[in-house]
Each structure stands twice: as C-alpha cells, then as structure tokens.
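Below is one structure, written out as structure tokens, with a few remarks after it.
2 protein chains.
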Amino acid sequence: MNIGEAAKASGISAKMIRHYEGIGLIEESRRSPGGYRIYSNNDLHTLSFIKSSRSLGFSLDQIKQLLSLWQDRGRASSDVKALALQHIKELDDKIAELSAMRNLLQNLATECHGDNRAECPILQGLEQQCGEAKAKKT
Amino acid sequence: MNIGEAAKASGISAKMIRHYEGIGLIEESRRSPGGYRIYSNNDLHTLSFIKSSRSLGFSLDQIKQLLSLWQDRGRASSDVKALALQHIKELDDKIAELSAMRNLLQNLATECHGDNRAECPILQGLEQQCGEAKAKKT
DNA sequence: CCTTGACCTTGCCATTGTGGTAAGGTCGAT
DNA sequence: ATCGACCTTACCACAATGGCAAGGTCAAGG
C-alpha cells in the first residue's frame, strides 16, 4: 500500500511517516518503480505500535528503544517495565508541575472580582514573589 | 545595570532577555556608549513580572497580553481574569491528558512481571488497540 | 494516445522556548 | 598595554509537527 493508505490506516500522517524514516525510527520502505513508498501489513503493524506509543506520551527516542525491545524475542520484560516506569515518573512530574501552576493561579483568580475595576489580585500576584513556583523544564 | 545583573536579579537568562526584546515582548533597552544594554529598576520589575508569569505556565503570547493589561491603568480586572481562566482551562486539559496516559500506562505496567522473561503485557498493550487513548495536541 | 486529477516525491520554512557556540567589542583593574 | 570578565550579534540545535511549493507518477476516461 502507498503512504497515504498507510497513513490513514495507522493514524500517523504521511508527513510523519516520512520523517520517522528520515530519523531512522523506521527502516526505509521498499519503493515502487516510480519511487513511491510501499508498505506491507507488517510495516503497518509497526506504525500502529508507534502510534500507540505516541498516544501514551513516549518520546520518539523512547519509542526507538521500545521498538527494539518489541522486535527482540530475547528481551527481558523488566527492561520494558523500566522504560515504562521511567515514563510514568516523567508524567507524574509534569502533572505535579502543572497542578502546582494551576492551583496557584486558581487561588489568584478566586480572589479577583473580575469586574470593570482595575484592581486585580492576579496582576498583583504576578508582580510579587509569585515566581516562587519553581517550574523546571523536563 | 548590565544585562548580566538583570538576568541574575530577575532569574531570566541574558539570552532570553535579548530574545524577549527581539520578539517585542519588552521594549528595546537603553544602551551605554559602548553598546551595552542598560536596565533600570523599572525594567527589572517588568522582567520579574514576566518570570512569574512564565512560572505559572503562561505562553509568551499570553504574557504579552498580561503585560499590556498590567501597564494599562484603565484595565478591567475581568479581562485579566478571563486570561487567567483560559489558562487554567489549558492547564486542566493538559493535566487530564497526561493523567489519562499515566493511568493507562500504569495499568499496563502493573500487569507486567518485570522479570527476565520475554512475555510483556506492556508491549502487548502497545501492539493492540491501545491507541484508543486520544492524545490531542493543544 | 493524451489529458486530468489524485496522489506521490523532495526540500525548505515555521512553530515554542531555550540553550549553545563563535567571533568580536568593551570595560575596569593591574 | 594587557588580561579577564563581561558584553555584542549572528548563527545552529532541540522535539514533533504542520505547511507550502515545484515537480513526478499513475489510473481512468475521452
């Protein structure tokens, strides 16, 4: 099947399929005489695996590892689990970070009348030491 | 004060201060005869405001709006609150998305023995319809 | 046989926010 | 005069995705 069909079937855009090939996440596909990429059901299976992994928030780099474990019959499930647990931790950290932001902001917003007067606890909060909320990049 | 001191005092890197100037988030600063940027306490105040806003997860675009409201004596606090509520919604959406991922992944991980055998429910989950987890970009 | 339209190809640019590096200028102190 | 610490601009990079443009392929229908 062509890339368009593979895209539709896998839920990954044609653009991204080409990109994944370019960065070596998937192998270069076979080509038709005219140069069109051709995908087998097996390829589609791989694309779907990638799609699922992306849906769970794994990075392309992590997916590269997942893929090689997936294709390694001699893998230890502990290796997979380690990757998963690490990602769960990343998710938890991010969730905690966002929740902290949310709560701080919610507090400020609650105090704000939200009328046509200029006085505004939200702006006052931002003006002050509000930066205490440590928001680290991950 | 020079950009280095302003950076240290505001918690925003010199690199970013220049960048913010470049994209018009802050005005071009005064310059010393030698071409060095010079910052006043007032400028520092603005930088701190930006820092706080970033800590709460506002985008630079949103911060541009916040800044103009902040500097507008005739603002209505409702406008600020609207911005804040919108951002809270964004945060909530993101948190919900990440939590959904986390929970799905946690379920898979719980079922995985994590030993040296190859059988692995996590990989099996990714292989199957796991893509059900709709993870939309925001 | 030739045209048309749908699909494919590559390649480059944009996004968001931040970091890095390089080549050079400034400044204060010795 | 010189040295080190700081500054300047101007590029490149990341991650993951989208968009556009100029051109090639292919199948169907006239």
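From first to last, the protein sequence lines stand for chains A and B. Mapping of the first sequence onto the working numbering: position 87 corresponds to residue 87, and the numbering continues sequentially without gaps. So the mapping is simple: the working numbering equals the position in the second sequence, first residue as 1, plus 138. For every residue, glycine included, the Cβ atom is placed at its ideal position computed from N, Cα and C.
One finds nothing in chain B with a Cβ atom closer than 8 angstroms to the Cβ of residue 9 (chain A); even the nearest lies about 12 angstroms away.
Closest by C-alpha distance to residue 261 (chain B), out of A:66, A:121, A:33, is A:66. By the Cβ-count criterion, residue 87 (chain A) is buried, with 16 or more other Cβ atoms from all chains shown falling within 10 Å of its own Cβ. The alpha-carbon separation between residue 218 (chain B) and residue 197 (chain B) amounts to approximately 15 angstroms. If you check the CB distance, residue 98 (chain A) and residue 233 (chain B) come in under 8 angstroms. When DSSP states are grouped into helix, strand and coil, residue 31 (chain A) belongs to the strand group. Rounded to whole angstroms, residue 10 (chain A) and residue 40 (chain A) show a C-alpha spacing of 12 angstroms. Of the candidates B:244, B:251, B:189, B:244 places its Cα closest to the Cα of residue 89 (chain A).
With a minimum length of 4 residues, the unbroken runs of alpha helix (DSSP H) contained wholly in the segment 213–270 of chain B fall at 215–249, 259–265. Scanning A:25, A:115, A:113 for the CA closest to the CA of residue 51 (chain A) turns up A:25. Between the beta-carbon of residue 57 (chain A) and that of residue 239 (chain B) there is about 4 angstroms, and that keeps the pair under the 8 angstroms contact cut.
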